[in-house]
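Worksheet: one structure, shown below.
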Amino acid sequence: MLSIGQLATYAGTTVRAVRHYHAVGLLPEPPRDHSGYRTYDAATVVQLVRIRTLAEAGVPLARVREVLDAGPAEFARAIDGVDRRLRAEIEERRQHRRRIAALTPGDGLALPAEATAYVERLRGLGFSEAFVDGQRDAWVLIAARMPEQMPVYMRLKDAQLDEPRTLELFRLLDAAIDADPADGDADLRRIADELVSLSEEDDAHPPLDGPDVMPEELARLIDAFMVKSMPRGRRLLELIEARGWSGVSQMERTPDAQG
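Numbering-wise (our numbering), the sequence shown opens with residue 214 and increments by one.
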């Protein structure tokens, strides 16, 4: 008779594995000696070797008993099913490896290449890291929700960086991030006026090749992110609303203003 350690050694596995096979019902509990220890015979060694062989071949433990008890035809079908599953898993792992190989550090981790280039251009124009990080994180949210629209967004945004008016607005927003609230909100009023002016122009002459309308819940999420990262962000939203518009990421006329 063999102890559990001897059984594991003979079968080329571990005591922990043997106990697990007992726990899941693959290996029946053996009789115990007068001291309460499990005792095993040669037949159990053979059974355990078969279990280990199937498990190491990739057969799920939940199907090992089915395969062990199957006749030749059923065995072949079961193994074929396991083989198909393993092939699918191998292909999935290959795809994971391709995705891992394509990962880039920093801004490119969660952004498409065109958005990464846009963020890098902002950095090159001298904007603060706080402003650039806020822009980057907003585009991460948009890319996750509207990936097919990112090329359109980035083409428009990249063109806007060539416009002095946009650059001036961005510099005002950048300066407002860390501005002292005690200094008043003249800067925020100027920003709100400019945002509303630009939105009115877009409303009157929408771009022919513009992106799809941003989903409302996404716009709210980005605005909430702006409020959290910009101490006076909520005040900016209030000033925009006082001018008959709402939001920042997807500005729309308020119902009262439309009426």
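The beta-carbon is built from N, C-alpha and C at its ideal position, and this holds for glycine as well.
**OP:** State the Cα-Cα distance for the pair Gln373 and Ala328, rounded to the nearest angstrom.
**Re:** Along the sequence shown, one-based indexing puts residue 373 at 160. Along the sequence shown, one-based indexing puts residue 328 at 115. The straight-line gap from Cα to Cα measures roughly 14 Å.
Original post:
How is Glu242 classed by DSSP in three states: helix, strand or coil?
Top reply: Working through the sequence shown from its first residue, we reach residue 242 at position 29. Correct three-state label for Glu242: coil.
**OP:** Mark Gly347 as exposed unless 16 or more other C-beta atoms lie within 10 angstroms of its C-beta, in which case mark it buried.
**Re:** Indexing the sequence shown from 1 puts residue 347 at position 134. Buried.
**OP:** On a CA-only basis, which of Gln463, Gly460, Glu454 is nearest Asp469? Give me that one, please.
**Re:** Here residue 469 is taken as the residue at index 256 of the sequence shown, counted from 1. When each option's Cα is compared against that of Asp469, the closest is Glu454.
**OP:** Would you mind giving the Cβ-Cβ distance between Val387 and Ser341, rounded to the nearest angstrom? I have them listed as a contact below 8 Å.
**Re:** In the sequence shown, the residue the question calls residue 387 occupies position 174. In the sequence shown, the residue the question calls residue 341 occupies position 128. For the sequence presented, residue 387 should be read as Asp rather than Val. About 5 Å separates the two Cβ atoms, so the contact holds.
Original post:
Which residues mark the beginning and the end of the alpha helix (DSSP H) in which Ser410 is found?
Top reply: Here residue 410 is taken as the residue at index 197 of the sequence shown, counted from 1. That run of the alpha helix (DSSP H) goes 399-417.
Original post:
Among residues of its own chain, excluding the 5 on either side of Leu401, which ones have a beta-carbon nearer than 8 Å to its beta-carbon?
Top reply: Locating residue 401 in the sequence shown gives position 188, counting from the first residue. Taken in chain order, the residues that qualify are Ala389, Arg445, Arg448, Leu449, Leu452.
Original post:
Thinking C-beta only, is Phe438 closer than 9 Å to Asp350?
Top reply: Stepping through the sequence shown from its first residue, residue 350 is reached at position 137. Stepping through the sequence shown from its first residue, residue 438 is reached at position 225. Yes, they are a contact pair.
**OP:** Could you tell me how far apart the beta carbons of Leu434 and Leu354 are, in whole angstroms, since I believe they sit closer than 8 Å?
**Re:** For the purposes of this step, residue 434 is taken as the residue at position 221 of the sequence shown. For the purposes of this step, residue 354 is taken as the residue at position 141 of the sequence shown. Confirmed, about 6 Å.
Original post:
With respect to the alpha helix (DSSP H) encompassing Leu450, which residues constitute its N-terminal and C-terminal limits?
Top reply: For the purposes of this step, residue 450 is identified with residue 237 of the sequence shown, where counting begins at 1. Looking at the DSSP string, the run of the alpha helix (DSSP H) that includes Leu450 is 446-455.
**OP:** With a threshold of 16 other CB atoms inside 10 Å of the CB of Gly460, please say whether the residue is buried or exposed.
**Re:** Residue numbering aside, residue 460 sits at position 247 when the sequence shown is read from its first letter. Classification for Gly460: buried.
Original post:
In whole angstroms, what is the alpha-carbon distance linking Arg251 and Leu215?
Top reply: Here residue 251 refers to the residue found at position 38 of the sequence shown. Here residue 215 refers to the residue found at position 2 of the sequence shown. The straight-line gap from Cα to Cα measures roughly 8 Å.
Original post:
Going by C-alpha distance, which of Phe288, Tyr234, Arg245, Arg265 is nearest Tyr223?
Top reply: Reading the sequence shown from its first residue, position 10 is the one you call residue 223. Ranking the options by Cα distance to Tyr223, first place goes to Arg265.
**OP:** Indicate whether Leu382 and Leu338 have their beta-carbon atoms separated by less than 9 Å.
**Re:** Within the sequence shown, residue 382 is the residue found at index 169, counting from 1. Within the sequence shown, residue 338 is the residue found at index 125, counting from 1. Taking 9 Å as the Cβ cut-off, Leu382 and Leu338 do not qualify as a contacting pair.
Original post:
Based on the DSSP output, what are the partners of Trp458 in its beta bridges?
Top reply: Reading the sequence shown from its first residue, position 245 is the one you call residue 458. Beta-bridge pairing links Trp458 to Arg466.
**OP:** Out of Pro241, Asp282, Gly271, point me to the one whose CA is closest to Ile303's CA.
**Re:** For this step, residue 303 is matched to residue 90 along the sequence shown. For the residues Pro241, Asp282, Gly271, the minimum Cα distance to Ile303 belongs to Gly271.
Subject >> Met464 vs Val409 beta-carbon contact at 9 Å >> reply: Reading the sequence shown from its first residue, position 251 is the one you call residue 464. Reading the sequence shown from its first residue, position 196 is the one you call residue 409. Contact: yes.
**OP:** With a cut-off of 8 Å on the beta carbons, I'd call Gln362 and Pro424 a contact; round off their distance for me.
**Re:** Within the sequence shown, the letter at position 149 stands for residue 362. Within the sequence shown, the letter at position 211 stands for residue 424. With 8 Å as the limit, Gln362 and Pro424 qualify as a contact, their Cβ atoms being about 4 Å apart.
**OP:** Please determine, among Thr467, Arg297, Leu261, the residue with the shortest C-alpha to C-alpha distance to Leu281.
**Re:** Taking the first residue of the sequence shown as 1, we reach residue 281 at position 68. Cα-wise, what sits closest to Leu281 is Leu261.
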